[in-house]
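Q:
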Amino acid sequence: MKARKAVAMGLIAAMSVGMLAGCGGEKKEEGKETADGKQKLTISTWDNDTSPQFKAAVEVFQEKHPDVEIEYIDTAANEYNNKLTVMLAGGDPDPDVIFVKDMGTQLSMQQKGQIACLDEYIKKDNLDLSVYNGTAEDLQIDGSSYTLPYRSDWYVLYYNKDLFDKANVPYPGNDMTWDEYEELARKMTSGEGNDKIYGTHNHNWMALVCNWAIQDGKNTLVSDDYSFLKPAYEQALRMQEDGIIQDYATIKTGNLHYSSVFEQQQCAMMPMGTWFIANLIQAQNAGELDFNWGFATIPHPEGVEAGNSVGAVTPVAINANSDQKDLAWEFIKCATSEETAEKLAEQGILTVIQNDAIMEKVTSVKGFPEGCEEALELKGMVFDRPLDKNIEKIRKAVEEEHDLIMIGEESIDDGLKNMTERVKEIREANP
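In mature numbering (1 follows the signal peptide of the UniProt record, and there is no 0), the protein residues as written are -21 to -1, 1 to 410.
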């Protein structure tokens, strides 16, 4: 699953000047203790009460370190980055371990000297980075590691088996172009009003349009010219205007969640991340779904091999101000180990460690849809957001123009021109 480094690395080569979290020696650790004398390690997470993804790492760590108490610093997903920014800006030694929600945040924290370099730890323990299938290197900044990859997700195409059976239409295959996908969505669209079933569903994330234009690895979200996005927007607007997908404004203003659209059988297909597999399995095993579902590999542009997708990883880091970095490193080793990958796999959650045994655990989970094993065979993955020091500013500008294009407030050409001009200004102001 070698991620394409050229895409992931973006324009980070000029970032060596002024980096505060250099790969040097660490200050002496004092550590924290609980009232009963146990060591205490703090970790930052989001939505921990409703997600099993972090608990798996903690369980593996505590099996090896029963004398250590883990304290979660948990936040709602939509507030996580803001809270983390406040904590780290004050030089707080907590959290010791930081689960990083997106790669732009990783880069920002590294630039501010807020996360520790891991090179010496990796060298000391002779950690084999090859088990991460290239993503550990893709996360490096100027050749040094500040994070390791915890879990991984990429886009696949979900579909409602019952709706396809009712229409007597074959299920989506694992080698389908985006044009063939559009044709299939038209075939699966039916009904009117409250009985309308859309052929597919595009959530209101920018990624659900732009990702398919970077799938070939030739472009990224950081660009000098955004005209390469035009075919993707033309398709999205055409499908919207023809009633094949729900209109963007309704989804946006109604704050509609993609899961409810799919689970209420309002669409026949839906491109979404692999994280949704575990959610659907959980709902199905709890008796909350009354239909059969499956998924296929994400459609691909003409000329791109089937099985290539767009995705991201969840990195994990050590707070540069932690007073127990050595213990935090032991946690990171456990969190990114094959043992944790297997525990996550038992819940249908994927990581970058994808050997046959682990993938068999994923596909053997109770509720995993029959006949969908091959859909998880990933040939290649490009990161949806490249490691670039301006990525968050660029993302915001592109998203604002995306909104205007999708609600018809500006033409595709004007929107892409504005993206190009705004991103140029951002990059010139922040060389």
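Virtual Cβ for every residue (Gly too), placed ideally from N, Cα, C. This one's a predicted model, so the numbers in the text were calculated from it and none came from an experiment.
Pair every Cβ in the segment 258 to 272 with every Cβ in the segment 121 to 128, then say whether three or more of these pairs are closer than 8 Å.
A: no
Q: Could you tell me the boundaries of the beta strand (DSSP E) in which phenylalanine 362 lies?
A: 359 to 362
Q: Nearest CA to the CA of leucine 108: which residue from Val331, Gln326, Asn173, Ala35?
A: Val331
Q: Taking only the alpha-carbon atoms, compute the straight-line gap between residue 411 and isoleucine 370 and give it to the nearest angstrom.
A: Outside the modelled stretch of the chain, which goes from -21 to 410, sits residue 411, for which no answer is possible.
Q: Measuring straight from C-alpha to C-alpha, what distance separates asparagine 61 and valine 188?
A: Distance between the alpha carbons of asparagine 61 and valine 188 is about 26 Å.
Q: Does threonine 232 pass the burial test, meaning 16 or more other C-beta atoms within 10 Å, or should it be called exposed?
A: Around the CB of threonine 232, fewer than 16 other CB atoms lie within 10 Å, so the residue is classed as exposed.
Q: Compute the beta-carbon to beta-carbon distance between residue 411 and valine 110, rounded to the nearest angstrom, for a pair I have assumed lies under 8 Å.
A: The requested residue 411 is not part of the displayed model; the chain covers only -21 to 410.
Q: So the candidates are Ala324, Gly222, Asp104; which of them puts its Cα closest to the Cα of lysine 175?
A: When only C-alpha atoms are compared, the closest one is Gly222.
Q: Does the Cβ of asparagine 105 have 16 or more other Cβ atoms within 10 Å, making it buried, or fewer, making it exposed?
A: exposed
Q: Give me the Cα-Cα distance between glycine 350 and proline 149, rounded to the nearest whole angstrom.
A: 13 Å
Q: Below 7 Å between beta carbons: does that hold for isoleucine 391 and lysine 103?
A: no
Q: On the three-state DSSP scale, how would you describe glycine 3?
A: The predicted position of glycine 3 is uncertain, since its pLDDT is 47 and thus under 50; a value taken from the coordinates is nonetheless stated next. Note: glycine 3 maps to coil in three-state DSSP.
Q: Between the Cα of isoleucine 405 and those of Lys375, Gly122, Glu389, spot the shortest distance and give me the residue it belongs to.
A: Lys375
Q: In chain order, what residues of the same chain have a beta carbon less than 6 Å from the beta carbon of glutamate 5, not counting five sequence neighbours either side?
A: Any answer about glutamate 5 is weak, because its pLDDT of 43 lies below 50 and its placement is not dependable; what the coordinates show is given next. Answer for glutamate 5: Lys304, listed in chain order.
Q: What's the call for arginine 364, buried or exposed, on a 16-neighbour Cβ count within 10 Å?
A: Around the C-beta of arginine 364, 16 or more other C-beta atoms lie within 10 Å, and the residue is accordingly described as buried.
Q: Give me whichever residues DSSP pairs with aspartate 132 in a beta bridge.
A: Ala291
Q: Return the first residue and the last residue of the beta strand (DSSP E) that isoleucine 77 is part of.
A: 76 to 78 is the span of the beta strand (DSSP E), which, as asked, contains isoleucine 77.
Q: Using a Cβ-Cβ distance under 7 Å, would leucine 259 count as near chain D?
A: No chain D is present in this structure, which holds just one protein chain.
Q: Cα separation between glycine 346 and aspartate 204?
A: 44 Å
Q: Does DSSP classify glutamate 50 as helix, strand or coil?
A: strand
Q: In chain order, what residues of the same chain have a beta carbon less than 8 Å from the beta carbon of lysine 17, not counting five sequence neighbours either side?
A: Asp46, Val47, Glu48
Q: Where do the N-terminal and C-terminal ends of the beta strand (DSSP E) with tryptophan 184 fall, by residue?
A: Premise fails: tryptophan 184 is in no beta strand (DSSP E) and is neither H nor E.
Q: Among Ala228, Gly178, Asn147, which residue has its Cα nearest to the Cα of histidine 381?
A: Ala228
Q: Based on the DSSP secondary-structure assignment, which residues constitute the bridge partners of threonine 276?
A: Val135
Q: So glutamine 41 and leucine 323 are in contact, right, with Cβ under 8 Å, and what is the actual spacing, rounded?
A: With 8 Å as the limit, glutamine 41 and leucine 323 do not qualify as a contact, their Cβ atoms being about 16 Å apart.
Q: If the criterion is Cβ atoms closer than 7 Å, does the pair tyrosine 134 and isoleucine 277 meet it?
A: Contact: yes.
Q: On a CA-only basis, which of Asn264, Glu400, Gln119 is nearest valine 295? Give me that one, please.
A: Gln119
Q: Excluding five sequence neighbours on each side, which residues of the same chain lie with their C-beta closer than 6 Å to the C-beta of histidine 182?
A: Tyr237
Q: Could you spell out where the alpha helix (DSSP H) holding threonine 84 opens and where it closes?
A: 82 to 90
Q: Using 8 Å as the cut-off, can you tell me whether the segment 188 to 199 makes contact with the segment 269 to 286, which would need three or more C-beta pairs spanning the two stretches below that distance?
A: yes
Q: If you drop the 5 nearest sequence neighbours on each side, which residues of the same chain put their C-beta closer than 6 Å to that of phenylalanine 143?
A: Tyr150
Q: Between which residues of its own chain and leucine 67 is the CB-CB distance below 6 Å, once the five residues before and five after are set aside?
A: Gln93
Q: Given that a residue counts as buried once 16 or more other Cβ atoms are within 10 Å of its Cβ, and exposed if not, what is alanine 56?
A: exposed
Q: Buried or exposed: where does serine 239 fall if 16 or more other Cβ atoms within 10 Å of its Cβ makes it buried?
A: exposed
Q: Measure from the alpha carbon of proline 74 to the alpha carbon of each residue in Thr24, Leu357, Glu99, then state which is nearest.
A: Thr24
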